[in-house]
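For the sequence shown, our numbering assigns the number 16 to the initial residue and increments by one for each residue that follows.
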Amino acid sequence: MASGNTLVVFEALGNQPPTSNYATLDTRNSQPCLDFDASTDESALFSAVLPRHYSGGGLTVTLIWAATSATSGTCRWDVSIERQADEAQDLDSDGFASAQSSGGTAPGTSGMLQYTSIAFTDGAQIDSLAVGERFRLKVTRDADGTGGTDDMTGDAELFAVEIRET
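Next comes the structure, spelled out in structure tokens:
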């Protein structure tokens, strides 16, 4: 597989929300999105199997989002991966690798999309995920700014997530 090729795409309706502090389902002009609050860290979870044509060069996760009303400020995103290998991860508990973080600036016009990319190296950053293994992807808005500045007011609306080979 060539660098930059898409491996997996998640849409908002594919969210498997955690038991607490979850992003809420909403729509914008009839398009499903997940609302992430400005004052509380909220998360969304997505599951897939890493395609067998992945060649092991690392992953880039791109979050496709908009601001509900803000036209300035930075939204801080944390993304982490949990490998669910054969007889390796107890599904009764979380086992996510350390989150990787990036900030995206709210578009200057409400209703415009922003694409924020976060790079992961092969190995520990992707929880040593291998081809053909099931995994979960956790997307969190770092509203309290522990991983970097989040000063965007209002909700961030996540429409889709693309995972590409780096």
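Idealized CB from N, CA, C, for every residue including glycine.
Query raised in the report: Where does Leu28 fall in DSSP's three states?
Result: In this structure, Leu28 counts as helix in the three-state DSSP scheme.
Requested in this report: Spatial neighbours of Ala53 within its chain, please: CB distance less than 7 Å, with the 5 preceding and 5 following residues excluded, ordered by chain position.
Outcome: Excluding sequence neighbours, Ala53 sits near Ala158, Met167, Thr168, Gly169 and Asp170.
Query raised in the report: In or out: Ala81 buried (at least 16 other Cβ within 10 Å) or exposed?
Result: It is buried - the Cβ of Ala81 has at least 16 other Cβ atoms within 10 Å.
Query raised in the report: What residues in its chain sit with their C-beta under 7 Å from that of Thr181, if we drop five residues either side in the sequence?
Result: Its chain contains Ser18, Gly72, Gly73, Leu74, Thr75 and Ala134 as the residues whose beta carbon lies nearer than 7 Å to that of Thr181, once the 5 sequence neighbours on both sides are disregarded; these appear in chain order.
Query raised in the report: How about Phe25 and Ala145: are their beta carbons less than 8 Å apart?
Result: Contact flag unset, no.
Query - Of the listed residues Ser45, Tyr130, Leu128 and Leu28, nearest to Ala59 (C-alpha basis) - result: Among Ser45, Tyr130, Leu128 and Leu28, the Cα nearest to that of Ala59 belongs to Leu28.
**Report entry** C-beta contact flag for Gln115 and Arg151 at 8 Å
**Finding:** With respect to the 8 Å criterion, Gln115 and Arg151 are not classified as neighbours on the basis of their beta carbons.
Query - Contact check, Asn30 vs Leu49, beta carbons under 8 Å - result: Using a Cβ distance threshold of 8 Å, Asn30 and Leu49 count as a contacting pair.
Query - DSSP three-state assignment for Ala171, whether helix, strand or coil - result: If DSSP states are grouped into helix, strand and coil, Ala171 belongs with the strands.
**Report entry** Continuous beta strand (DSSP E) assignments of at least 3 residues falling wholly in the stretch 35-70
**Finding:** Correct list: 39-43, 46-51 and 57-64.
Query raised in the report: Are the Cβ atoms of Gly162 and Asp105 separated by less than 8 Å?
Result: Between Gly162 and Asp105, the CB-CB gap reaches or exceeds 8 Å.
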